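The numbers in full-length UniProt numbering rise by one with no breaks, and the one at position 46 of the sequence shown is 46. In this text, a Cβ means the ideal position worked out from N, Cα and C, and glycines have one as well. What you are looking at is a predicted structure, and each value in this text was computed from that prediction instead of being measured. Worksheet for the structure shown next.
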Amino acid sequence: MTATLGALGWLILVVLFGSLVPVVPTGAAVSGAAALAAHQQPLTVVFVVAAGALGAYVGDLATYLVLLWGGERIARRLRLLREPQRFDRLAARVREGRVSLLLVSRLIPGGRVPVLLAGAVAGLTWRRFAVANAPASLAWSVLYAAIGVVGRAIFPEPWQSVVAAILLVVLVSQGLSWLGRRRTAPEPPPARP
Numbered sequence: 001m002t003a004t005l006g007a008l009g010w011l012i013l014v015v016l017f018g019s020l021v022p023v024v025p026t027g028a029a030v031s032g033a034a035a036l037a038a039h040q041q042p043l044t045v046v047f048v049v050a051a052g053a054l055g056a057y058v059g060d061l062a063t064y065l066v067l068l069w070g071g072e073r074i075a076r077r078l079r080l081l082r083e084p085q086r087f088d089r090l091a092a093r094v095r096e097g098r099v100s101l102l103l104v105s106r107l108i109p110g111g112r113v114p115v116l117l118a119g120a121v122a123g124l125t126w127r128r129f130a131v132a133n134a135p136a137s138l139a140w141s142v143l144y145a146a147i148g149v150v151g152r153a154i155f156p157e158p159w160q161s162v163v164a165a166i167l168l169v170v171l172v173s174q175g176l177s178w179l180g181r182r183r184t185a186p187e188p189p190p191a192r193p
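What follows is the structure in structure tokens.
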């Protein structure tokens, strides 16, 4: 039991750190932990979901505080205010408190920070963000844990399901990233007659 609590503590720290430093593959950590938990003691998957959600939630709150503090300056540095109409639409959707937008921003690689930044610049209060982000963090953790559990159902060995879960998360993330770049790519100029 002590080993399980220690592993859950590490999972919380990894996901929290990944929320602050967006290059850490937090979804893969939750999926891998869920796959391993499903092999060893299936009931502990619930604790993996809770640990992943808690780490994501606390990390998002900390990130949002930083963005509230320096929102306009950070947005200018990232040149996000070049397209004010697009940024304003995103900010309005965040201000409405749509949990679905917060969830989708966690699922798309590189999508979370611009959404949080838009909310900070738009004046979404920390308290309102905290309420809206709780179900989004939980849904995110459930989704990635489910990927791990599916890996457990397919592969007989724990290491196989952990590897499969991590590979699936990486492939889905890369696919979503590719689609996002493809949608925002500028159209080529028309051919001259």
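R106 classed as buried or exposed, judged by whether at least 16 other C-beta atoms fall within 10 angstroms
The residue given as residue 106 occupies position 106 in the sequence shown. With 16 or more other Cβ atoms within 10 Å, it is buried.
Suppose you measure from the CA of L65 to the CA of V58; what does that come to, to the nearest Å?
By one-based count along the sequence shown, residue 65 stands at place 65. By one-based count along the sequence shown, residue 58 stands at place 58. Cα-Cα distance, rounded: 11 Å.
Less than 8 Å between C-beta atoms, sequence neighbours within five positions excluded: which residues of the same chain meet that for P22?
Residue numbering aside, residue 22 sits at position 22 when the sequence shown is read from its first letter. Only G110, R112, V113 meet the Cβ criterion.
To the nearest angstrom, how far is it from the Cα of A28 to the Cα of R127?
Residue mapping note: residue 28 aligns to position 28 of the sequence shown, counting from 1. Residue mapping note: residue 127 aligns to position 127 of the sequence shown, counting from 1. Their Cα atoms are separated by approximately 29 Å.
Got a sec? Which residues, its chain only, sit under 6 Å from A34 by beta carbon, not counting five neighbours each side?
Locating residue 34 in the sequence shown gives position 34, counting from the first residue. So the list reads V45, V48, A145, G148, V149, once near-sequence residues are dropped.
Please name the residue in Q40, G9, V121 whose C-alpha comes closest to that of G52.
On the sequence shown, position 52 is the one that residue 52 refers to. That would be G9, whose Cα lies nearest to the Cα of G52.
I147, DSSP secondary structure in three states
For this step, residue 147 is matched to residue 147 along the sequence shown. If DSSP states are grouped into helix, strand and coil, I147 belongs with the helices.
Whole-Å CB distance - G151 paired with A164, under 8 Å assumed
Stepping through the sequence shown from its first residue, residue 151 is reached at position 151. Stepping through the sequence shown from its first residue, residue 164 is reached at position 164. About 4 Å; that satisfies the 8 Å criterion.
Taking Cβ positions, are I12 and G55 nearer each other than 8 Å?
If you number the sequence shown from 1, residue 12 lands on position 12. If you number the sequence shown from 1, residue 55 lands on position 55. Closer than 8 Å, so yes.
In three-state terms, what does DSSP make of V24?
Position 24 of the sequence shown, counted from the start, is the residue given in the question as residue 24. Of the three classes helix, strand and coil, the one that applies to V24 here is coil, per DSSP.
Below 8 Å on the Cβ atoms is my contact criterion, and I expect G32 with T26 to pass it. Report the Cβ-Cβ distance as a whole number of Å.
Translated into positions along the sequence shown, residue 32 becomes position 32. Translated into positions along the sequence shown, residue 26 becomes position 26. Not quite, the Cβ-Cβ distance comes to about 11 Å (not below 8 Å), so this is no contact.
Which residues in the same chain as L102 place their Cβ atom closer than 7 Å to its Cβ, once the five residues preceding and following it in sequence are excluded?
On the sequence shown, position 102 is the one that residue 102 refers to. Taken in chain order, the residues that qualify are V115, A132, N133, A136.
In whole angstroms, give me the CA-to-CA distance for V30 and A50.
Numbered from its first residue, the sequence shown carries residue 30 at position 30. Numbered from its first residue, the sequence shown carries residue 50 at position 50. Cα to Cα, the separation comes out at about 10 Å.
For the candidate residues I108, V104, V15, whose alpha-carbon lies nearest to that of L171?
Stepping through the sequence shown from its first residue, residue 171 is reached at position 171. Answer by Cα proximity: I108.
Within a Cβ cutoff of 8 Å, which residues of the same chain sit near V24, ignoring the five residues on either side of it in sequence?
Taking the first residue of the sequence shown as position 1, residue 24 is located at position 24. Counting only Cβ-Cβ distances below 8 Å, and skipping sequence neighbours, we find V14, F17, G18.
Flag this pair as yes or no: are the beta carbons of A62 and L117 separated by less than 8 Å?
Locating residue 62 in the sequence shown gives position 62, where the first residue counts as 1. Locating residue 117 in the sequence shown gives position 117, where the first residue counts as 1. Going by C-beta atoms, A62 is not nearer than 8 Å to L117.
Would A130 and L68 be called neighbours here (beta carbons separated by less than 8 Å)?
Locating residue 130 in the sequence shown gives position 130, counting from the first residue. Locating residue 68 in the sequence shown gives position 68, counting from the first residue. The answer is no: Cβ separation not under 8 Å.
Check G6 in the structure and name its three-state DSSP category.
Stepping through the sequence shown from its first residue, residue 6 is reached at position 6. Reduced to three states, the DSSP call for G6 is helix.
Looking at C-alpha atoms only, which residue of L167, A38, S100, A122 is the closest neighbour of E157?
Within the sequence shown, residue 157 is the residue found at index 157, counting from 1. The residue with the shortest Cα to Cα distance from E157 is A38.
Where does G119 sit, in a helix, a strand or coil, going by DSSP?
Residue 119 sits at position 119 when you count from the first residue of the sequence shown. Helix.
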